[in-house]
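Residue numbers (the working numbering), protein chains in the order written: chain A, 18 to 138; chain B, 546 to 834.
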């Protein structure tokens, strides 16, 4: 059974299309979550995310809109990010966990692309 | 095998995988030279430095140097040549938003610098990740704009490294005036480069201090201020780091590695390795590397 990281998105149906068409995600063929309400999507790197409809509307729930996508090459992903329908919130920048950039889809969902790096080596 | 590419903005990338090569009287733009396997020897003026994996060398624009690869194992080298225009555009266009990319205090005075201390720098952390990606894309013949992004980040990360490794560290010699401090830092860098280049040799404190034109006592005291360890400890760490690289990337036995990195006693090596990396060399090779 695939376990995905749960995320709550605005307009999940359109956001899913966006993930598939613009970011190259694939939708798992069968719903696999326990309550059958989420949709499982996978990125290009074998990570799975369980997408739920965001029913909250409090400003305090802002973080739930943020889908963190693991990447192995942040600059490459940023370079190939198509301009249509995307708002680039920031360019790839260095954070304690690695290299990251953020984009916004037309429905206000934020996606953080994060290339995690091991600095203990 | 040798690959060379000139980008649209005259930045150049050079990769070479070989056991033997020699180039004399090279003179280029500001350049960064990294080694990912084997070693590469550079003669800059009267000074000879050898670059091993885990380090890179910076050579300023116009500096004349000889470059030699002569190695039992295949050497894998990579260099970036930053065109003058690219460097000027970088300096001219550097803004607070660029500063935010690296989350470090880099002032505009540093960014205006176009000559650097020609020394060996550690190829670790972000700059290592960045160079590794750049080499992959260079080998895949990716488009110039993508390669240029990596070159931009390489330069940005080098400025950050320069700030931390040179400007910040030299400030630790705070009891001296600026010119004396700079000269002393240069000599300590010579001592460091000598150890990094010859770590596999039987080096004495006199060899190291003589190379840096400092007395052994002066070297010992000031080296510790900069690098937080004695020259001897620095040499041991360098040997251990290189041993770890060999455990990961070669088939040499542990006993062979002991000799190759300059240790004489295998049991002392194993004890030191375990203290530093929390695994014995054998366990590290089998389960961690």
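Yeah, the Cβ is synthetic: ideal placement off N, Cα and C, and Gly gets one too.
> Which chain B residues sit within Cβ distance under 7 Å of residue 92 of chain A?
Replying inline: Mapped onto the first chain, residue 92 of chain A falls at position 75. Result: 678, 694, 695, 698.
>> When you compare the CB of residue 116 of chain A with every CB in chain B, is at least one pair closer than 9 Å?
In response: As a first step, residue 116 of chain A must be located in the first chain, where it is residue number 99. Answer yes: the Cβ-Cβ gap between residue 116 of chain A and chain B drops below 9 Å somewhere.
>> DSSP three-state label for residue 757 of chain B, please.
In response: Within the second chain, numbered from 1, the residue matching residue 757 of chain B stands at position 212. Residue state, collapsed to three classes: coil.
> Cβ of residue 827 of chain B less than 9 Å from any chain A Cβ?
Replying inline: Counting from one through the second chain, the residue named residue 827 of chain B turns up at place 282. No, its Cβ sits nowhere closer than 9 Å to a Cβ of chain A.
> What number of angstroms, rounded off, separates the C-alpha of residue 788 of chain B from the C-alpha of residue 637 of chain B?
Replying inline: Numbered from 1 along the second chain, position 243 holds the residue referred to as residue 788 of chain B. Numbered from 1 along the second chain, position 92 holds the residue referred to as residue 637 of chain B. Spanning the two alpha carbons is a distance of roughly 43 Å.
> Name the chain A residues whose beta carbon is nearer than 7 Å to that of residue 670 of chain B?
Replying inline: Along the second chain, read from residue 1 onward, the residue named residue 670 of chain B stands at position 125. Correct list: 136.
>> Give me, in chain order, the residues of the same chain whose beta-carbon lies closer than 6 Å to that of residue 842 of chain B; leave out the 5 immediate sequence neighbours on both sides.
In response: Absent from the structure is residue 842 of chain B, since the part of chain B shown begins at 546 and ends at 834.
> Got a sec: is the Cβ-Cβ distance from residue 691 of chain B to anything in chain A below 9 Å?
Replying inline: The residue labelled residue 691 of chain B in the question sits at position 146 within the second chain. Chain A, which has a Cβ nearer than 9 Å to the Cβ of residue 691 of chain B, makes this yes.
> If you count every other CB in all the chains shown that lies within 10 Å of the CB of residue 660 of chain B, and 16 or more means buried, which is it?
Replying inline: The count along the second chain starts at 1 and reaches residue 660 of chain B at position 115. The residue in question, residue 660 of chain B, is exposed, as its Cβ has fewer than 16 Cβ neighbours within 10 Å.
>> Our contact map puts residue 88 of chain A next to residue 33 of chain A with C-beta atoms below 8 Å; I'd like the distance itself, whole angstroms only.
In response: Within the first chain, the letter at position 71 stands for residue 88 of chain A. Within the first chain, the letter at position 16 stands for residue 33 of chain A. Between residue 33 of chain A and residue 88 of chain A the Cβ distance is about 19 Å, and since that is not below 8 Å, they are no contact.
> Which bits of chain A does residue 674 of chain B rub up against, with CB to CB less than 7 Å?
Replying inline: Here residue 674 of chain B refers to the residue found at position 129 when the second chain is read from its first residue. Here the neighbours are 134.
>> Using a 10 Å radius around the Cβ and a threshold of 16 neighbouring Cβ atoms, would you call residue 725 of chain B buried or exposed?
In response: Numbered from its first residue, the second chain carries residue 725 of chain B at position 180. The residue in question, residue 725 of chain B, is exposed, as its Cβ has fewer than 16 Cβ neighbours within 10 Å.
> Taking Cβ-Cβ distances shorter than 9 Å, what residues in chain B pair up with residue 62 of chain A?
Replying inline: As a first step, residue 62 of chain A must be located in the first chain, where it is residue number 45. The contacting residues do not exist; residue 62 of chain A stays about 15 Å from chain B at best.
> Which value, in whole angstroms, describes the spacing of the CA atoms of residue 593 of chain B and residue 612 of chain B?
Replying inline: The residue you call residue 593 of chain B lines up with position 48 of the second chain. The residue you call residue 612 of chain B lines up with position 67 of the second chain. Cα to Cα, the separation comes out at about 10 Å.
> Who are the near neighbours of residue 669 of chain B in its chain, counting only those whose CB is closer than 8 Å to its CB and skipping five residues on each side?
Replying inline: Taking the first residue of the second chain as position 1, residue 669 of chain B is located at position 124. Closer than 8 Å at Cβ, skipping near neighbours: 599.
> Per DSSP, what kind of secondary structure is residue 663 of chain B in: helix, strand or coil?
Replying inline: Counting from 1 along the second chain, the entry for residue 663 of chain B is found at position 118. Coil.
> Between residue 76 of chain A and residue 781 of chain B, what straight-line distance do the alpha-carbon atoms span, to the nearest angstrom?
Replying inline: Here residue 76 of chain A is taken as the residue at index 59 of the first chain, counted from 1. Here residue 781 of chain B is taken as the residue at index 236 of the second chain, counted from 1. Low local confidence applies: a pLDDT of 44 at residue 76 of chain A is under 50, so the model's placement there is unreliable, with the coordinate-based value given in what follows. Taking the straight line joining both Cα atoms gives about 55 Å.
> Should residue 796 of chain B be labelled buried (16 or more other beta-carbon atoms within 10 Å of its own) or exposed?
Replying inline: For the purposes of this step, residue 796 of chain B is identified with residue 251 of the second chain, where counting begins at 1. Its Cβ having fewer than 16 others within 10 Å, residue 796 of chain B is exposed.
> Who pairs with residue 551 of chain B in a beta bridge, going by DSSP?
Replying inline: Translated into positions along the second chain, residue 551 of chain B becomes position 6. Looking at the DSSP assignment, residue 551 of chain B forms a beta bridge with B:557.
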